[in-house]
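Asks: First the structure, then my questions, so here it is.
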Amino acid sequence: MKITRISAFAIHLTLSLLVFSSLIAILYLYWFPGQLFWIDGGWAGLKLVALVDLVLGPLLTLLLFSPGKKGLKFDMCAIAAFQVAALAYGFYATHQQQTRGLVFADGEFQTLSYSGHIEANNKLVSKGETPKSLSDFGSSNPINVFIPPPSKETMGRYLVDIFNGYPDPLARSDKFEPIVDNHDKLQEFSLDQESLAEVGAWSDIETMLKRKKLNASDVEIYRFSARFEKGFAIFSPAQMKVIAYVPFVYTAEKSTVAENEED
């Protein structure tokens with residue numbers, strides 16, 4: 025059967041969709057699980073890959089494919105090689121930016137990427153420190169860890185380290201501690217319903233609790249900061265980890281919640 029230009033385009037697009045679907049599953053289930061897909065870079069990474077996988081590759085086939093054309097095999101091989109190389113780069117870049125850790129530092133939960141963790145550990149080694157691996161604290165993704173706030177006695181050293189080229193506080197793996205061993209210290213930063221209501225955030229948090237079928241008495245609320253959103257994290261003392269996020273934007277009158285709050 026003779027393959028037409030449209031048929032070649034359709035075949036290429038179908039194969040690209042299969043690859044793209046696999047990548048979506050990996051991103052959403054493992055690299056940026058749940059809401060992190062929207063608030064910490066999963067969606068941004070996916071758009072980059074989609075441009076190559078679903079647009080450029082099939083479009084080049086549509087433009088260059090011509091039955092009986094001399095050198096057609098070379099053209100198709102070149103397109104395939106280009107798409108594979110571009111996909112490999114996009115896949116690698118997205119993997120490097122995956123959310124690896126959720127670190128409680130400076131009074132809030134902050135996301136830490138895989139590459140950020142590796143780079144910070146290399147910097148710590150160069151400073152003569154002994155870094156830790158996030159994998160030492162569990163296997164879930166992201167791994168929740170705690171960094172004790174500096175005391176009056178250690179505040180001076182804390183500031184000196186910042187100005188002397190040490191990693192950002194949230195990436196100081198040499199100071200990572202299990203959350204389960206520091207829950208009492210963590211609770212000092214929890215936010216009560218009254219203070220959340222004053223800034224207009226409680227109704228949004230309550231909506232999320234209902235969606236997750238949770239009781240307010242069974243969770244604790246903390247601030248969080250991700251790459252693309254800030255807001256409030258819902259923490260489960262029973263599971264010792266953050267189980268939901270409520271992106272929150274302050275306005276003159278009240279807050280607005282980011283649209284992407286999917287599970």
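Every position in the sequence shown, counted from 1, becomes a number in my numbering once 24 is added. Heads up, the beta-carbon is just placed ideally off N, CA and C, and yes, glycines get one too. The model shown is predicted, which means the values in this text are computed figures rather than measured ones.
Kindly indicate the opening and closing residues of the alpha helix (DSSP H) around K147.
Replies: For this step, residue 147 is matched to residue 123 along the sequence shown. K147 -> alpha helix (DSSP H) spans Y138 to S150.
Asks: Are L126 and V169 close, meaning C-beta to C-beta below 9 Å?
Replies: Stepping through the sequence shown from its first residue, residue 126 is reached at position 102. Stepping through the sequence shown from its first residue, residue 169 is reached at position 145. The answer is yes: Cβ separation under 9 Å.
Asks: Tell me which same chain residues have a C-beta within less than 8 Å of the C-beta of F115, skipping the five on either side of it?
Replies: Position 91 of the sequence shown, counted from the first residue, corresponds to residue 115. Here the set comprises L47 and V73.
Asks: With DSSP as the reference, label K26 as helix, strand or coil.
Replies: Translated into the one-based positions of the sequence shown, residue 26 becomes position 2. Here K26 sits in coil by DSSP.
Asks: Tell me whether the segment 258 to 270 and the segment 217 to 237 touch, counting them as touching only if at least three CB pairs, one residue from each stretch, are closer than 8 Å.
Replies: Contact between the segment 258 to 270 and the segment 217 to 237 is present, because at least three Cβ pairs lie under 8 Å.
Asks: Does A221 come out as helix, strand or coil in the three-state DSSP assignment?
Replies: Counting from 1 along the sequence shown, the entry for residue 221 is found at position 197. Of the three classes helix, strand and coil, the one that applies to A221 here is helix, per DSSP.
Asks: Pull the bridge partners of I245 from the DSSP assignment, please.
Replies: Counting from one through the sequence shown, the residue named residue 245 turns up at place 221. Per DSSP, L215 and I258.
Asks: Beta carbon of L78, beta carbon of F56: below 9 Å?
Replies: If you number the sequence shown from 1, residue 78 lands on position 54. If you number the sequence shown from 1, residue 56 lands on position 32. No.
Asks: According to DSSP, is T178 helix, strand or coil?
Replies: For the purposes of this step, residue 178 is taken as the residue at position 154 of the sequence shown. Of the three classes helix, strand and coil, the one that applies to T178 here is coil, per DSSP.
Asks: Between the beta-carbon of K151 and the beta-carbon of Y182, is there less than 9 Å?
Replies: Along the sequence shown, read from residue 1 onward, the residue named residue 151 stands at position 127. Along the sequence shown, read from residue 1 onward, the residue named residue 182 stands at position 158. It is not a contact, given that the beta carbons lie outside the stated cut-off.
Asks: Could you tell me the distance, in whole angstroms, from the CA atom of M100 to the CA atom of F106?
Replies: For the purposes of this step, residue 100 is taken as the residue at position 76 of the sequence shown. For the purposes of this step, residue 106 is taken as the residue at position 82 of the sequence shown. Looking at the two C-alpha atoms, the distance is approximately 10 Å.
Asks: Candidates T85, L87, F133 and V108: which alpha carbon is nearest R251's?
Replies: Residue numbering aside, residue 251 sits at position 227 when the sequence shown is read from its first letter. Measuring from the Cα of R251, the nearest candidate turns out to be F133.
Asks: To the nearest angstrom, how far is the alpha carbon of F259 from that of I30?
Replies: One-based indexing of the sequence shown puts residue 259 at position 235. One-based indexing of the sequence shown puts residue 30 at position 6. Rounded to whole angstroms, F259 to I30 spans 52 Å at the Cα level.
Asks: Alpha carbon to alpha carbon, how far is F89 from L136? Give it in angstroms, no decimals.
Replies: Here residue 136 corresponds to residue number 112 of the sequence shown, with the count starting at 1. Here residue 89 corresponds to residue number 65 of the sequence shown, with the count starting at 1. Whole-angstrom Cα-Cα distance: 44 Å.
Asks: Determine the extent of the beta strand (DSSP E) in which K94 is found, giving its start and end residues.
Replies: As a working mapping, residue 94 is identified with position 70 in the sequence shown. No beta strand (DSSP E) contains K94, which DSSP labels as neither H nor E.
Asks: If you draw a straight line from the C-alpha of D130 to the C-alpha of Y246, how long is it?
Replies: In the sequence shown, residue 130 corresponds to position 106, counting from 1. In the sequence shown, residue 246 corresponds to position 222, counting from 1. If I take the Cα positions, the gap works out to 12 Å.
Asks: Confirm, please, whether the CB-CB distance from L51 to L75 is below 9 Å.
Replies: Numbered from 1 along the sequence shown, position 51 holds the residue referred to as residue 75. Numbered from 1 along the sequence shown, position 27 holds the residue referred to as residue 51. No. Outside cutoff.
Asks: Does DSSP put Y269 in a helix, a strand or coil?
Replies: What you label residue 269 is simply residue 245 of the sequence shown in a count that begins at 1. Y269: strand per DSSP, three-state reduction.
Asks: Would you say the beta carbon of F248 comes nearer than 8 Å to a heavy atom of the ligand PLP?
Replies: The ligand PLP is not among the ligands present in this structure, which contains no ligands whatsoever.
Asks: Candidates W62, L60, G66 and L84: which alpha carbon is nearest H36's?
Replies: Residue mapping note: residue 36 aligns to position 12 of the sequence shown, counting from 1. Nearest C-alpha to H36: L84.
Asks: Check the DSSP bridge columns for I167 and list the partner residues they point to.
Replies: Position 143 of the sequence shown, counted from the start, is the residue given in the question as residue 167. In DSSP, I167 forms a bridge with G125.
Asks: In the DSSP assignment, find the alpha helix (DSSP H) that holds K234 and state where it starts and stops.
Replies: By 1-based counting over the sequence shown, the position of residue 234 is 210. W226 to R235 is the span of the alpha helix (DSSP H), which, as asked, contains K234.
Asks: If you measure between the beta carbons of D198 and T154, is that distance less than 9 Å?
Replies: As a working note, residue 198 is residue 174 in the sequence shown. As a working note, residue 154 is residue 130 in the sequence shown. It is a contact, given that the beta carbons lie within the stated cut-off.
Asks: Would you mind working out which of M264, A109, S139 and S40 sits nearest D205, comparing C-alpha positions?
Replies: In the sequence shown, counting from the first residue as 1, residue 205 sits at position 181. The candidate whose alpha carbon is nearest that of D205 is M264.
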